[in-house]
Each structure stands twice: as C-alpha cells, then as structure tokens.
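Residue numbers (the working numbering), protein chains in the order written: chain L, -9 to 351; chain A, -9 to 351; chain C, -9 to 351; chain H, -9 to 351.
Have a look at the structure below, then the notes.
4 protein chains.
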Amino acid sequence: MNVLGNYIENFSKMNKIPVAILGATGIVGQRYVKLLSNHPWFEIKEVAASEKSAGKTYGEVMKSRWKLGGNIPKEVSNLVVKECSPTLESKLVFSALDASIAGGIEENFAKEGYIVISNARNHRLDEDVPLLIPEVNPESLALIDVQRRKRGYKGFIITHPNCSTTELCLALKPINDKFRLKKILVTTMQSLSGAGYPGVPSLDIIDNIIPFISLEEEKIEQETLKIFGNLENGKINRANIQVSATCNRVFVSEGHLESVSIETGEKPTIDELIGCLDDFDPLRKLNLPSYAKPIVVMKEEDRPQPRLDRNLGNGMSVAVGRIRNCNVLDYKFLVLGNNTIRGGAGGAILIAELLKVKGYL
Amino acid sequence: MNVLGNYIENFSKMNKIPVAILGATGIVGQRYVKLLSNHPWFEIKEVAASEKSAGKTYGEVMKSRWKLGGNIPKEVSNLVVKECSPTLESKLVFSALDASIAGGIEENFAKEGYIVISNARNHRLDEDVPLLIPEVNPESLALIDVQRRKRGYKGFIITHPNCSTTELCLALKPINDKFRLKKILVTTMQSLSGAGYPGVPSLDIIDNIIPFISLEEEKIEQETLKIFGNLENGKINRANIQVSATCNRVFVSEGHLESVSIETGEKPTIDELIGCLDDFDPLRKLNLPSYAKPIVVMKEEDRPQPRLDRNLGNGMSVAVGRIRNCNVLDYKFLVLGNNTIRGGAGGAILIAELLKVKGYL
Amino acid sequence: MNVLGNYIENFSKMNKIPVAILGATGIVGQRYVKLLSNHPWFEIKEVAASEKSAGKTYGEVMKSRWKLGGNIPKEVSNLVVKECSPTLESKLVFSALDASIAGGIEENFAKEGYIVISNARNHRLDEDVPLLIPEVNPESLALIDVQRRKRGYKGFIITHPNCSTTELCLALKPINDKFRLKKILVTTMQSLSGAGYPGVPSLDIIDNIIPFISLEEEKIEQETLKIFGNLENGKINRANIQVSATCNRVFVSEGHLESVSIETGEKPTIDELIGCLDDFDPLRKLNLPSYAKPIVVMKEEDRPQPRLDRNLGNGMSVAVGRIRNCNVLDYKFLVLGNNTIRGGAGGAILIAELLKVKGYL
Amino acid sequence: MNVLGNYIENFSKMNKIPVAILGATGIVGQRYVKLLSNHPWFEIKEVAASEKSAGKTYGEVMKSRWKLGGNIPKEVSNLVVKECSPTLESKLVFSALDASIAGGIEENFAKEGYIVISNARNHRLDEDVPLLIPEVNPESLALIDVQRRKRGYKGFIITHPNCSTTELCLALKPINDKFRLKKILVTTMQSLSGAGYPGVPSLDIIDNIIPFISLEEEKIEQETLKIFGNLENGKINRANIQVSATCNRVFVSEGHLESVSIETGEKPTIDELIGCLDDFDPLRKLNLPSYAKPIVVMKEEDRPQPRLDRNLGNGMSVAVGRIRNCNVLDYKFLVLGNNTIRGGAGGAILIAELLKVKGYL
C-alpha cells in the first residue's frame, strides 16, 4: 500500500465509531468479531467477557475456542479482554451475553449512558424496549424516548429478536403489510450453532433429531406479536395474529429452515404473493453497509437448502422457496435464514447502522 | 437340539405358508427378508428381482448390497433369485418393487391367482384396491371382492400406504374415531432409508436438509383421505378432511418424524385426547405375531427422537409426544414411526397376518 | 410363566452374586446397567454416583441422561443411587468412574475388602495391579497377591485397559504368541461414545475430524507393553515392542476402527497369519457367559465397518479385515471393536466372570 | 465501473488465454468453473461433457447438479455445452473426465495439437507423460518433448496426481530434498467429494467409516515413486522409497486428512524437520496467480482439522500438524489438503500457469 493508501486508511480509522462486544468469546460474540473486523463505520475497540477471561488477550483466550475457521482478526486478537462493567470507552455496545446474566449487565450499561444492542432474550418483551428488525419495524425506535424517560437511563437498550423469529418476520413482513396476516403455523428445523458452544452434545444428535428447544416456541409465538404490533402513544399493541410454533434441532451447522403455513385477511393470488416478496427492499436508499435485499425468492423445487443458501446476501438475506397453496391455511412455503448472521450478530449490526443514519450515535 | 426339537421345528416348517418377495434386493426387500426369516406363520420360499440378479443365489447378489447389519439369514442366502413373473410357487407375494415397474407386474400376479401385498404406490389410489393399515381400516378388505369381480382376477392386490402416511394415520385413527378430524397440517422430517438405495447422495445431505421429496406430499394428502374414507356400496368415499403436508429429507438413517397440527369436530380436553391415544389397541385379541400396541404416548418434553424411539414395539409402534395446544388449530404433537418396518415391510406383513385370520389365505 | 418357572427364576436370583456399579450414570456406567441386567451370574444390587445424584432413584436421575435406547431395566430404575464410599453391601464393584476421582475411591474400596474392577486409567500402570484382558494375559491375576501383600488391602483392584488398546491387543495376541511382535504402528478413527457424555460438542465434529484425543496415544503405547509383558517374580517386564499410535475422533456413534501395520520376528505367510487369527479361541472351555470368539476375520474388501460390524459376538468380538502385505512393515489390516462393550463394560464383566471360575469371588 | 475500468477489463479479457473444460459437469469440473471464472490469465471459452448434456446451456444442464453453493458464474452458465471431441477452439484443455473414458479422449486431443492437463488416472504412469506437481517436480516437464517425439503428438498430455498423493508429496517434498525419504506409511481419512457425484450413498456412510477406496492405495503407492523419481535421459527412475497406504472414507464434505509416519536417510532434529517445512516456498518468484505457500505448519495440539483448515491459501496450501517422534519410524504428523482444489482443479490450473511462464502456451 502506498502513502496515500495508508493515509486514507488511517483517516478512515480515526473516524470510525469505537464499539465494544460483551460476551465476545461465545459463538455470537465470534460472529461479531468477524463481521465487524472490516466494517466501514465501526471499529472493535474493546472486547469483554467473564472474569475468567478478563486480563488475557482475546487471542489467548480464544486459542481453542475460535470456531469460525480462518484466523482471528489480528487487531482483535491483541485486545486485552475486559470485564463486562460499564467502564468501557466505547459508547456503543453489542451484547452477546448469555441470558443468565445479560439482563442486569445490560441495564447497568444503559443506566450509565451506553447504547446497548442486545441479542439476549431478557429485555425483548419489556414494554419500553424496541424489539427491532430494521426492515420490519423501524418505527419501534420511538420507544427509546419512552424507555429513557421511564427508567431514567442516560443510554438505552435495543433488543434483536430470537434468530428463528427474525427470519420468519422478515419473510412475512411484506405479506402482512399487503395482505394482513391472520394465522401463522411454523415448524422449524434449527441448526446446531443456534445452541451456542459447547451446545448440543454430538452423541445426542448423531443419526437423530431433537424435537424440543427450550423456550424457543414461546419466543417465536410472543416476539412475532410484538414485532408486528402497532405503536400507539408510546406503547406497542400486540398484533392480532395467531402464531403456533414447533421447534426441532437437526444436524446442520448453520442456517435455520422453517416450514410455514399462513392465512391472510386479504386473499392474494400466488403471483401477487410472490410479487410482494420479490419487491421487498425497504432500506435500499439508506445505503447501510450490512444491508442486502432481505428476501430472495427461489424457484427451484428443492430449495432453499441450508448448506447451499445460508450465505445469500452475505448471510443477511433470507431465502423463501416452494411457495404454494396450503390445503388447510392459504399458502405455505419454506424460509431459510442464517441464524448467526441474519439472526444474530449481523442483524444487530444492521440496527447499529440504522441508529447511525437516524442520528442516534 | 434334540430329536423332539427337530421334529417340532420341521413340523412347524411344513405347516408354514410359503411366501415370495418381489424386489427382494432393495432396502424394503431386505427388511422383508429380515422380518420374515423367523416368522411363525410364513416362510420365505422364493425371492425375485430384476433379470440382472436372477439365476444367482440371493447371498451372491447381496454380497455388497446388504445394508441391515448382521448376516443374511442362511436359508434365504441360499435361495436362487427368480424373475418377477407369475410362475412362482408361493401364492402369497410381497411386492417391494420400484414404482417404475411395480404396476404391471403386480397386475400379472393378481390375474394369475396370486395374493399380492404391495408397498409400491401404483395401485394405492385405484378405486377397487384396498389401501390398508390393519389397525385403521380393516373394513377395506371388502374391496377384494369388488376388485376380483371387476377385473376378473383370480387373486388380488392389496396396497400398503406410503411410510409417512402410515404413521400419520395410525396416530390419528383414534382421534378421528372419537373426535372427527377436520384439518391436518403436517411437516415431516424423513430419514434416508425412505429414499431406498443408493438413494440420497451423501454430498447432497451433509450439513444440510433437502426440503423436497418427489410426490411425497401428494401421497400424504391423497392417501389419508382414502384411508379415512368410508366404504359404501363397495366404494370408498374420500374423507372430508383438509390435509396439507410439507416433506423434508434429513440426515437420519431410519425413522420419520412428523410435526402435526390438527383441528377436530368435537373438542376434547387434552386429557381426553391423550387418553384416546393411550387406549388404542384394536387388534389385541387377534394375536397377530407382528402386532404391537400401535401408539406409545411419550411424556418427556424432548421425545420422540428417531434414534431412541424408532424401534418401539419392534418397530411396529409409532411414538406420539409433546401433545399440546396449538394456537392456530386445536392441538399439535410429534409422531415418529419406523419407515422401513411400520411404514414398509412390517406393515405389509401385518396385512398378511390379518388376511390369514380372516381366512383369505 | 408357571410356578416351576417362577421357582427357578427366584432360586437362580437368590444365588446370583450381588454387584455394585460406581459411576453408574455415565456412558460406560449405563452399558454396565444394560449388560448386567440379565446376567446369569451377577445381579445389580447397588448403583453409586456423585453426591448430586445420591438419594434419588436411578430412574429419576437418568430421566434425560439415558443414552442407550430402549428403557432402563426396571429393577435398576428403582434402585436408590448411593454415594461412592466403601459401605456398600456388594463386595464386587465395577468402577466406571471418571479418572479425575477414580484413583482414591478405588483404593478406599480395595482397602476395605472390595474387589474392584476398573475402567479408569488411574491404576492401569501400577506395578502391582493387573491390566487384564481375559483372553490375552490371564496370568496377570498373579499380581493380586503381590498387591494385597504390598498394600495391605483386604480386597484388590484389577484394571481393564483403554478401549482402543483392548481391541488392538486382542487382535494382536495370537500373532504375538506365534510370530513375536516387534513393531506396531496404528492410526485410530475413534467414535464419539469414547469421549463420554456430554463429550464432543456437535459443532466441533460436524463435517470434521479431530486429530487429537488427550492422552490416548500414550495409553495405547504404554498399556500395550504391559499387556504383552511377561510376568517374572511377581513383576511384569515390559514387552520389547515398538508401538506408535495416532488417534483421531470421527463422526461415528460407537465402534473404534484402527488401521494397523506390524512387523514380526518370525515371518509367517499371509495364510498362516490369517489362520492364527481365525483359530484364536482361548477361553472357549470356561463357558463364561460374556465370552464370544474374540476375533472375526472378514474377507470382504470393504470391511470391517463400524455401523455394520460393531455388534459381532454381542459386541465382544473384534473384527479384523483387509489383511494384506505392507510395503513398510510386514503386514497391515484394519481392526474394529465396540468401545463401550468390548472396550468398556463388557470387557470388565468378562474379567469378573474369569474371577468367578478361578475362585476369586 | 467507469469507462476506464471497462476498457481495462475488456482489454484484459481480450488478452486472456481461452480454455476448455472436459467433463465440466462433474464435481471437479465444477471446481474448474469456479476457480477459472475470475482467473487473470485464463478465460473459460468452452465447456464439454457427455452427449446427453451437449447442446444445452451449461446453466440448464447444471440446474440441480451444481454442488458448490453460490451461483454458477454467468458467462459460463450461458455457454452451450459441447461434446468432448478435438474440434474445440481453445487449445488449452482441462480434463476432469471420468477414468472410464478419459484415456482415449485425451489422446485424441493431444494428437490434434491440444495441450491437455488431466486429473484422470489413465496416463499418470505412462513413461512419457509428466505426473506433475509444480512445486515438487517441475523438471518432469522435460518429458513433453519425449512424449511428442515418441507419439507424434502435435500437442501433449500432462497429468496431475491423485488428490491424496498430491497433498502427501507436497508435504514430503522438502523433507525428501533435505533428508532423503526411505519409508512412508500413511493412513488416510478422505472426504466424500473425492468420490465425485453422486458418489457415496448417504446410507452407506451415516454413522460409519468405509475402510476401502477402490485403487486409491495403489495410486498413492505408485504415483509417489514416480513423482519423487529422478529424470535421467528422458526417463524417470522410480524413487527408492517404501510406501504403504491404507485409505478410508469418512463423513466429511471436503478435505483429506492423512496420518503419516516417515523414515529418512539423514536424521534431522525435530526443529530441523519443522524448519524445512516452514521454509518451503519454491515458486514464490514466478508470481503464479494460484500459487500460495504450499505448506502451513500448525502448532496447535489438535490441528489440522478438515472443516477449519481446508481453505488455507485459498485451498492451495496443505496444513501439516502434530509433528512428533514416531516410536516405529522416525517422525509422524498429520497432513490435510483440499482434495477438489489443491488435489484437483486448483493443482491443474497451477500447472497451466507454470506452462505459461515457461513458454509452453
């Protein structure tokens, strides 16, 4: 690289927004590290984790725990891991903490003025906390003011929905907008990475399916109603939709596949239904770096498939395929999304990007 | 074994009903061989397959094609494979033929006086052919007379439903009897053995799900209506139920798992629903050798699982678990069945056993 | 069962030797439960585990931890789990304890008069402790007296070798006897159950091999020398063999496959080599209930395979296949053994059976 | 892209060397398509395959056969598939043909003046055909003249070794140069993609290992001797090395892992051994586009692993790990290589790049 190149790079670095990752050592934490390591707007300034890891460099801590292939980005590898207390320099904080501890820690940060974007379930259903998918319910950002007022926070908390909820709501958003959803019945086939690390023991899943994921069905059924709810007087009224979910764990490393049947208020033709999915591109004009066309409609009779389609749009697009009539409800189809990117770190980074263009950072 | 033992064995053999297996070299054919090799009523007298295999002993042909573990039963191994033409000695014939050729061959056999029990799809929806699960619709045996009369057959054809249909209908039978089914919505996660051999290439399924199985959804949707239909004047009126199926192939060797939601005419409590499943034991008194209580209700929160539960009742019982309310229809649950036993060879052998006690053999 | 049958069953139960299982909740512990539940000589009288489990019934504790399929044998399910302290009633004790705690606990039991048969690595290399495979080095029972004298134990400890060592030494025993082993070079492909439960995280092994198993190579290299060593004056001189091992973890549920090359002092023809493996049947006359011909020689070009061959001889036989010349050493072949049966609980039960016929119980 | 950019792109395209791929529809053929689609020196001008495919566009033919994820490069998708006869426009031809037909077709092309770089085994051991790994035996290009003279070819054939041989020889090359190899003993654990498509049936490999790959052991044992042989008077004398191979198929999608033990003439310290592997970088100065440092030495105790390390150097580097003393030979270690890139299409493209800089194109 020549002198000019160096100059541009340094300059742009100087102007990047410093961010911290809480719970940087877990599976979602690692995804944050990977996705943010070359981000044009953000720069990983701090990584934080449990006391056990604090004080060592991220590289040391992750020596046998880095699961994403390739190498740990060098700048991050050399960072000394900090504890998860609100004394960090970065004001923008991504929380990939485990739900067993996330609740209180995130509150502490928000209280002290930090902007917390969380993947944990703890605050998702709080009345005054946005449960946000940028392409689906950006209007819920209005809850930030409510939250600050009510809680006296200097900062605030925004939550990102559960992975399987995210891809479902993304696929259903244009349908709900145009044809009013009344019923959603979904059976998921979810990947191993959704359970974190060490997660599912190999002896449990070899030659097998586990037809149960703790709390997952409740998350889908409840979060969907909040996400599609409507905001009135600083409050979200739950959507009037019936949602029923069955969740299974299967032997796939990444990518959740969902078999979905829906009933709508209006009755579109199948071409109208496909058309509204195909046309959906709500944030194109904002030029957010992580944004990709949210829905890719597949026409092949045997797609989407996790291994082949989980990285569409750099993992930010969901694939919808096999759209056809349902003999019980109106239509049925399959949805596939990348659970650690779209349903995890990538979705949260997109929230941060939205916050930036909306002037919150 | 002493002289008396030998005598008893020979005597009982002398009195066993000789049977032939058409398509004995495929996956379902192998299951027949294994299940029939120690059957108290039937004895494998002949195995038949394609011209390529005919003339060699079954043992030779199967040398690198036997997929079930253990050894090929010695008596069968020594049999010389015959061609699939109606010149066999055994009058009872199990057809595990591929659908591409099964139709005509089965007709030829029935014409010539053979009793054909078939796992192929070809004649399942024929008006005058029973589509039979012994515990579910034994009354459909009445179609045999219709068939003979209409077609001038000396023998007859009985078909066994598709594997995923079989386990679904078994689990739903007592519910339909008591509470009248109106809607069935099912998403299946089906095992590799369901695709036969060589079947699914490993490169297609590693770290993956294939959300499409050719014709499978149609089979479930159509066969279910015939199975639950009612017989009137030698004709089956399709049941008035809405059935919608989505079928997926997953990385499991054996056992199809199905996520099912139902709506019923009557509205049972959940205990009434569980009770009727638990009580279902329709053929107990017939003492059929392959009969097992058809439904095992599981109470654990994470069952049934294919690897743990696919051999309940020697593979003849289906497991029903996670019975709970459905926010869209009335109830939902998971059903697991062994596709090569209950949904294949075992189910067909049970038909033969029923034919025997009913005096058809 | 009639009155006479009941009488015989009760009588034989009355005369069974009561045994206890230490560490009964782990994977090897479960194998003990399964293998001993219908044993003609032994009866599970007590199950012991960590403090956490003690006081509850085995059935309760194992509710979501039973990994072997089928049901927990009822008599065992109802037993109240005890702690692992030497106050048990059964004088014969099988230890499936984790190496982190097995050492001291086993010593305590032996001191107090218990006969301890252990699968843990702790005492395997102790000078005065037999490292015993009944078919290979039964003469090492002579160390029992040495051990008692030296340690002042009222009971004694016998150890069972590591799973991958066991199958290797079984396959090599007749070769060493006849042709004197000089060099052994082995690369293993070991199954997931060898790592216990929860063991290997599924995310680590999906679409992958882990070419490292902690301490496993050392175990094979050292234990083999003791097992093939010769006993002189109450001491085992290590065998003069060069052993080199490389150990890999692969995605298989059960059964360790080993690729072995050997050099021998005498130079047999390949037929002599195969012959000595085929003829090996050393304990036939003792009529031990768990005994099976230890070696099954396979002639097919693509065997042994874990899924097809891991249950030969009820899991007590090892399969040896693809015996052929080696361009570097003399001969090479593949060995497959069931790690939880032959290499775990089954092998230890065979030791107990040998102790009984030798008058130690 | 601006006008200047367009100009540069068009200009560079105009100057790219047109190439054809024979057998473009198979697994290795697809790899060629992917690797060549943005190659700076070559441009896919033609794809050829069997008669069945000829006449349709590559996109049509590959609709449900493209196995590499992502999309088929558009320029290639639109090409009409041709037959494999020597009437192609491109003079440089990559052959990914099946061995059952490759031999004669490749000869026809060479006769007519084409330069054929082949992945098929047919001509690998021919006296006058280079068996070439650019980093290992570039001197074997001298055989081209011998071949042309002897056969009267206007073009010529160069073969690329078998995938598992390639990675083995790459890892051993610097060791042989410095310390003279005497013995090589290798056990491979090979991935599913090595068997092509459809290749290994999933029912054969689930929960299993297949300890046999047809002809693979012979290929490793024979090709290695030619590759390390020395060229004298237009003839390659086989190397004086003892090579013994055992080959297994495991459930991994891509990447062959090999457990290797070696004995050398000179006796390096382990640091000298590691040093010579680390330093190996023979073609650095040629600036070949596909070249990457051929060997990456890994220090972690549990590496290399297929899923984590198969894409080092864009799939062109092999990873060597766990280098340690061997109790039987001198040293042992594990080698991992990408079989479809380094051991397939990528290796052959590197040959073409070498041909270009050496003036053969």
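Each residue gets a CB set at the ideal place from its N, CA and C atoms; glycine is no exception.
- Nearest Cα to Glu117 (chain A) within the set A:Ile226, A:Leu26, A:Gly219: A:Ile226.
- Close to chain A, meaning a Cβ-Cβ distance shorter than 9 Å, are the following residues of the region 194 to 207 of chain C: Ile196, Asp197.
- Here Gly19 (chain L) carries a helix assignment [DSSP, helix/strand/coil].
- Any Cβ of chain L closer than 9 Å to the Cβ of Glu117 (chain H) would place that residue at the interface, and such an atom is absent.
- Taking C-alpha positions only, Val240 (chain A) is separated from Ile95 (chain A) by approximately 32 Å.
- Under the DSSP assignment, Pro164 (chain H) falls in the alpha helix (DSSP H) whose first and last residues are 153 to 169.
- Of all C-beta pairs linking the region 170 to 181 of chain A to the region 118 to 136 of chain A, fewer than three are shorter than 8 Å, placing the two stretches out of contact.
- Chain A places a beta carbon closer than 9 Å to that of Gln232 (chain L), counting this residue as a contact.
- DSSP places Phe84 (chain H) in the uninterrupted beta strand (DSSP E) bounded by 82 to 85.
- A Cβ-Cβ separation of about 16 Å leaves Lys173 (chain C) out of contact with Thr236 (chain H) under the 8 Å criterion.
- A distance of 9 Å or more separates the beta carbons of Gly45 (chain L) and Asp299 (chain H).
- Assignment of beta strand (DSSP E) within the region 80 to 119 of chain C, counting only whole runs of 3 or more residues, yields 82 to 85, 105 to 108 in chain order.
- The region 149 to 166 of chain H makes no contact with the region 261 to 274 of chain C; the number of CB pairs closer than 8 Å stays below 3.
- By the neighbour-count criterion, in which 16 or more other beta carbons inside 10 Å mark a residue as buried, Val250 (chain C) falls on the buried side.
- Between the region 64 to 84 of chain A and the region 303 to 312 of chain C there are fewer than three inter-stretch CB-CB distances shorter than 8 Å, so the stretches are not counted as touching.
- For the set H:Val233, H:Asp88, H:Ala161, H:Ser54, the Cα lying nearest the Cα of Phe270 (chain H) is the one of H:Ala161.
- Here DSSP, grouped into helix, strand and coil, assigns Thr177 (chain H) to strand.
- In this structure Val347 (chain A) is exposed. Its beta-carbon is surrounded by fewer than 16 other beta-carbon atoms within 10 angstroms.
- Relative to the Cα of Ile285 (chain L), the nearest Cα in the group L:Arg274, L:Asn230, L:Phe146, L:Glu291 belongs to L:Arg274.
- Annotation: the continuous alpha helix (DSSP H) that includes Tyr48 (chain A) extends over 48 to 51.
- Sequence-distant partners of Glu33 (chain H) (beyond 5 residues in either direction) whose C-beta falls short of 6 Å from its own C-beta, in its chain, are Lys6, Pro8.
- Closer than 9 Å to the CB of Leu182 (chain H) there is at least one CB belonging to chain A.
- DSSP places Pro191 (chain C) within a strand segment (E or B) once states are collapsed to three.
- Taking 9 Å as the cut-off, the beta carbon of Asn198 (chain A) is found closer than this to the beta carbon of Val242 (chain L).
- Inter-segment contact for the region 9 to 25 of chain H and the region 331 to 345 of chain C is absent: fewer than three beta-carbon pairs are separated by less than 8 Å.
- For Asn238 (chain H), the three-state secondary structure derived from DSSP is strand.
- Under the 8 Å Cβ criterion, the region 78 to 88 of chain C counts as touching the region 101 to 108 of chain C, having at least three qualifying pairs.
- Using a Cβ distance threshold of 9 Å, Ile147 (chain C) and Ala100 (chain C) count as a contacting pair.
- For Glu211 (chain H), the enclosing alpha helix (DSSP H) stretches over residues 206 to 217.
- Lys57 (chain H) belongs to the set of residues whose beta carbon lies under 9 Å from a beta carbon in chain A.
- Scanning the region 233 to 310 of chain H for uninterrupted alpha helix (DSSP H) segments of 4 residues or longer gives 260 to 269, 296 to 299, listed from N- to C-terminal end.
- In this structure, Glu213 (chain A) places its C-beta atom within 9 Å of the C-beta atom of Arg114 (chain A).
- Separation of the CB atoms of Lys283 (chain C) and Ser307 (chain C) is rounded to 6 Å, and the pair is thereby assigned contact status at 8 Å.
- Residue environment: Leu205 (chain C) is assigned as exposed (fewer than 16 neighbouring CB atoms within 10 Å of its CB, all protein chains considered).
- Taking the beta carbon of Asp269 (chain C) as reference, no residue of chain A falls within 7 Å; the closest one sits roughly 21 Å away.
- Of the residues C:Gly334, C:Arg170, C:Glu129, C:Asp320, the one whose Cα lies closest to the Cα of Gly255 (chain C) is C:Arg170.
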